[in-house]
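Residue numbering for the sequence shown follows my numbering, beginning at 161 and increasing consecutively. Ideal placement from N, C-alpha and C gives every residue a C-beta, glycine not left out.
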Amino acid sequence: MSYQINDTYDGIDQAMRLLRRSMKGMPERQRYMRHYDELRRSVAVLLILLEEATPWMEETAKAKRATTVAKRMLDAVR
C-alpha cells in the first residue's frame, strides 16, 4: 500500500516540477502567478493529508488481509 502512496506522491511532485519549469518560460506569467500559488498551496495540503493517511491506509490493508486469511481458515475447518 505504501508503494502506491509513494508513487502518487512522486507523480504529484514530478508534475509540480514540470509546471514550475513551464511557468518560468511563459511570457506574461505574472497574470497566472496567483492561480499558480493557489495551486501550490492546495497541492501542499493534499500531500500533507496523503502523508497523514498513509498509516491508516496501511492498517486498513493489513486488517483486510488478516480478515481474508481468517475467512479462509474458517472455511477450511467447515
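Can you look up residue i in the DSSP assignment and give me helix, strand or coil?
i: proline 187; result: coil
i: arginine 200; result: helix
So residue i packs on residue j, CB below 8 Å; how close in whole Å?
i: tyrosine 169; j: leucine 210; result: 6 Å
i: isoleucine 172; j: leucine 207; result: 6 Å
Closest by CA to residue i, which one among the options?
i: tyrosine 196; options: Thr228, Leu207, Arg181; result: Arg181
i: serine 202; options: Met176, Glu218, Lys184; result: Met176
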